[in-house]
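The block underneath contains the structure these notes are about, expressed in structure tokens.
Protein chains in written order, with our numbering: chain A, 49 to 161; chain B, 4 to 117.
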């Protein structure tokens with residue numbers, strides 16, 4: 049079974065721009081969570097989607113948003129990029145909404161200049 | 004306020020010996036704990052987990068111990084192998100209704116020397 053895939057793997061953007069990252073979960077998995085990893089803050093939860101509905105949201109500004117499609121694929125969007133948004137963005141999928149084990153993709157490395 | 008803490012940023016052990024990675028948490032509502040391993044340029048890989056109703060879970064060379072009264076868990080790797088060299092993250096979940104939200108520690112870099 050294919051793992052979680054994320055596209056693109058690397059991205060360079062300029063301050064003020066917006067970006068959309070994509071995540072395809074493991075086949076059959078219906079829950080998708082997003083995390084931001086930075087050297088200073090570690091891995092921090094962004095949001096979680098299940099059946100196209102956001103179930104949980106972390107402590108991030110409204111510039112960070114996401115959505116999930118009927119095929120469970122998910123996208124996250126960051127508008128008005130700031131230098132501090134440079135990070136590794138990780139997507140994780142799990143089978144059901146109440147499944148604890150999450151399986152991560154390789155991440156998208158975003159650099160904001 | 005960091006709810007999950009890994010106080011040792013790094014650990015170095017000899018091949019064949021035991022590696023013990025530690026994790027402390029503050030939120031007594033957590034009811035499920037997980038360990039992930041991460042290599043550079045890859046996403047975290049799920050290793051092993053434990054429910055709060057247990058105090059030990061074993062999977063091959065990996066054993067996780069949970070001490071609820073001390074709010075402490077540890078991951079034992081026996082015997083350690085050079086391929087185990089990676090960053091290990093402890094994570095917690097289970098704040099009712101928030102099972103999809105994992106709270107991670109800062110990670111411990113394990114180096115296993117041949």
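Even for Gly, the Cβ is constructed at its ideal location relative to N, Cα and C.
Contact check for residue 136(A) and residue 155(A): beta-carbon distance about 5 Å, within the 8 Å limit, so the pair qualifies.
If you compare the alpha carbons of 151(A), 80(A), 127(A) with that of residue 116(A), the shortest gap goes to 80(A). In the DSSP assignment, residue 45(B) falls outside any beta strand (DSSP E) and carries neither an H nor an E. Taking a C-beta distance under 8 Å as the contact criterion, residue 145(A) and residue 83(A) do not qualify as a contact pair. The residue among 20(B), 70(B), 34(B) with its C-alpha nearest the C-alpha of residue 55(B) is 34(B). By the C-beta density criterion, residue 131(A) is exposed, having fewer than 16 other C-beta atoms within 10 angstroms. Here residue 62(B) is exposed: its Cβ has fewer than 16 other Cβ atoms, across all protein chains shown, within 10 Å. Non-local beta-carbon contacts of residue 116(B) in its own chain, meaning distances under 8 Å to residues more than five positions away in sequence, involve 15, 16, 17, 18, 85 in chain order. In chain order, 21, 64 place their CB closer than 7 Å to the CB of residue 81(B), counting only its own chain and leaving out the 5 sequence neighbours on each side. The beta-bridge partner set that DSSP reports for residue 102(A) consists of 97(A).
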